[in-house]
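Okay, so here's the structure we're looking at.
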Amino acid sequence: MAHSYLPSNWISALGLFAYTRYDESLDQANLFDPAKNFTYVPPADIDDTYVVFIIGETTRWDHMGILGYDRDTTPRLSQEKNLVAFRGESCDTATKLSLRCMFVREGGTSDNPQRTLKEQNVFAVLKNLGFTSELFAMQSEVWFYNNTEVDNYSFREMIASEKRNDGKSVDDMLLVDEMKESLSRYPKGKHMVILHTKGSHYLYSQRYPRSYARYQPECIGVDDFCSKDQLVNAFDNSVLYTDSFIANVIDQVRDKKAIVFYSSDHGESIGENSHLHGTPREMAPPEQFRVPMMVWTSDKFLEDPQHRSAFEQLQAQQRIGKTHRHVELFDTILGCLGYTSPDGGIVDKNNWCNIPQQKAAATPL
Numbered sequence: 003m004a005h006s007y008l009p010s011n012w013i014s015a016l017g018l019f020a021y022t023r024y025d026e027s028l029d030q031a032n033l034f035d036p037a038k039n040f041t042y043v044p045p046a047d048i049d050d051t052y053v054v055f056i057i058g059e060t061t062r063w064d065h066m067g068i069l070g071y072d073r074d075t076t077p078r079l080s081q082e083k084n085l086v087a088f089r090g091e092s093c094d095t096a097t098k099l100s101l102r103c104m105f106v107r108e109g110g111t112s113d114n115p116q117r118t119l120k121e122q123n124v125f126a127v128l129k130n131l132g133f134t135s136e137l138f139a140m141q142s143e144v145w146f147y148n149n150t151e152v153d154n155y156s157f158r159e160m161i162a163s164e165k166r167n168d169g170k171s172v173d174d175m176l177l178v179d180e181m182k183e184s185l186s187r188y189p190k191g192k193h194m195v196i197l198h199t200k201g202s203h204y205l206y207s208q209r210y211p212r213s214y215a216r217y218q219p220e221c222i223g224v225d226d227f228c229s230k231d232q233l234v235n236a237f238d239n240s241v242l243y244t245d246s247f248i249a250n251v252i253d254q255v256r257d258k259k260a261i262v263f264y265s266s267d268h269g270e271s272i273g274e275n276s277h278l279h280g281t282p283r284e285m286a287p288p289e290q291f292r293v294p295m296m297v298w299t300s301d302k303f304l305e306d307p308q309h310r311s312a313f314e315q316l317q318a319q320q321r322i323g324k325t326h327r328h329v330e331l332f333d334t335i336l337g338c339l340g341y342t343s344p345d346g347g348i349v350d351k352n353n354w355c356n357i358p359q360q361k362a363a364a365t366p367l
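Residue numbers for the sequence shown follow our numbering, beginning at 3 and rising by one.
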């Protein structure tokens with residue numbers, strides 16, 4: 003059973019909101035804003051487009067069937083014809099640190115232990131470019147939610163306290179209903195939804211209902227009493243639930259002109275009687291940087307020839323097993339939407355959807 007919350011969490015939520023709003027606003031005013039320093043040219047057909055970004059938690063690419071794992075932990079995503087999946091490399095090993103560096107331009111944070119922000123993130127840039135935006139989270143990183151400059155957000159304590167969620171497991175699937183309502187509030191498009199999940203965060207068995215406990219025996223209690231096999235089984239069950247969650251999110255925009263991005267924030271070390279992430283990046287083992295990164299597009303989105311060419315570029319990268327990085331997300335989100343920047347606001351080498359000039363010239367009008 004996922005963790006439940008008492009109504010008193012509304013009080014703590016309000017206190018958390020007030021403190022972080024003040025704390026982060028001190029830094030935010032001094033951030034370099036790409037939207038004010040570069041020119042971003044939109045594609046002609048952007049106004050009816052929906053963008054969804056799913057931020058995963060602790061999920062590793064080497065535990066996903068779609069990326070070569072020997073267990074079929076992604077049965078639903080494996081059936082999606084318009085989905086590409088990559089082995090990714092995180093920019094850090096802990097949630098707060100990765101949230102600072104994964105959505106800004108490469109170099110948009112200081113290379114210090116706390117990853118001090120220097121620049122605004124891509125979500126704030128899209129807001130400046132005319133997108134409406136809402137964010138829903140099963141976590142409570144309020145400082146980050148404020149920095150996205152979304153029109154509205156609800157985080158874990160707020161969602162858990164809603165009357166309609168009485169008696170429900172407080173897990174990632176609650177975000178699907180929040181997303182449905184967000185889409186209904188913005189029926190015309192040019193709207194962005196950000197979903198911050200709990201994913202595969204420890205305690206793994208609290209991330210999924212019993213119906214997803216496929217791999218047994220699983221670790222139910224603290225890991226001091228669990229073998230590595232039990233920990234891995236519980237972790238894989240959480241990935242199986244993540245597969246279903248992402249597929250349900252895709253279902254909400256399947257008939258719209260939409261693009262969905264997914265990336266986990268960092269990986270995890272899973273050992274005998276232990277789990278670990280957050281090791282300082284200079285000494286962290288490779289598995290703490292292993293994150294899946296995915297892009298899904300609707301059929302309507304691919305009706306545009308430029309979008310189709312860009313997606314074929316993504317498919318070609320997937321076929322050769324290309325690895326991507328968190329620090330490419332800023333350029334990729336804008337680039338895959340079709341934005342261009344004549345003065346350097348999008349770096350071609352970091353834009354997964356960049357079509358080489360020779361190939362672009364051959365694309366029929």
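Where is the CB? At the ideal position from N, CA and C, for every residue including glycine.
Could you round the C-beta distance between phenylalanine 34 and glutamine 122 to whole angstroms and report it? I think they count as a contact, below 8 Å.
That belief holds up - the Cβ atoms of phenylalanine 34 and glutamine 122 are roughly 7 Å apart, short of 8 Å.
Can you name the start and end residues of the alpha helix (DSSP H) that glutamate 183 belongs to?
From DSSP, the alpha helix (DSSP H) with glutamate 183 extends over 176-187.
Using C-beta distances below 8 Å, list every residue in its chain close to serine 133, excluding the 5 sequence neighbours before and after it, in chain order.
Looking at the sequence shown, residue 133 is not serine but phenylalanine. Cβ within range, chain order: Val53, Lys192, His193 and Met194.
Within a Cβ cutoff of 8 Å, which residues of the same chain sit near serine 300, ignoring the five residues on either side of it in sequence?
Asn84, Val255, Arg256, Asp257, Lys258, Lys259, Ala260 and Ile261.
Return the residue from the list Trp354, Asn353 and Thr342 that minimises the CA-CA distance to alanine 37.
It is Thr342 whose Cα lies nearest to the Cα of alanine 37.
Could you check where the beta strand (DSSP E) with alanine 87 kicks off and where it finishes?
85-91 is the span of the beta strand (DSSP E), which, as asked, contains alanine 87.
Here's the rule: buried if 16 or more other CB atoms are within 10 angstroms of the residue's CB, otherwise exposed. What is valine 224?
It counts as exposed.
What are the boundary residues of the beta strand (DSSP E) that valine 127 is part of?
Valine 127 -> not in any beta strand (DSSP E); alpha helix (DSSP H) instead, spanning 124-130.
Could you give the residue range of the alpha helix (DSSP H) that holds valine 144?
That run of the alpha helix (DSSP H) goes 144-149.
According to DSSP, simplified to helix, strand and coil, what is isoleucine 322?
DSSP places isoleucine 322 in coil when its eight states are reduced to three.
Near glutamine 218, what residues of its chain come up, given a Cβ to Cβ distance below 7 Å and the 5 sequence neighbours on each side ignored?
Answer for glutamine 218: Asn235, listed in chain order.
Quick check: the Cα distance between tryptophan 298 and lysine 170, rounded to an integer number of angstroms?
When rounded, the distance between both Cα atoms is 29 Å.
Where does the unbroken beta strand (DSSP E) through tyrosine 52 begin, and where does it stop?
Note, tyrosine 52: beta strand (DSSP E), 52-58.
For asparagine 250 versus methionine 175, is the C-beta spacing smaller than 9 Å?
Yes, Cβ-Cβ distance for asparagine 250 and methionine 175 is below 9 Å.
Near proline 282, which residues of its chain fall below 8 Å by C-beta distance, leaving aside the five closest residues on each side in sequence?
Excluding residues within five positions, the ones whose Cβ falls inside 8 Å are Thr95 and Pro115.
Could you give the distance in angstroms between the alpha-carbon of threonine 244 and the alpha-carbon of serine 202?
C-alpha separation (whole angstroms): 8 Å.
Would you report the Cα separation of leucine 28 and isoleucine 68, rounded to the nearest angstrom?
Note that leucine 28 has pLDDT 47, beneath the 50 cutoff, so the model's placement of it is unreliable and the number below is only indicative. Taking the straight line joining both Cα atoms gives about 42 Å.
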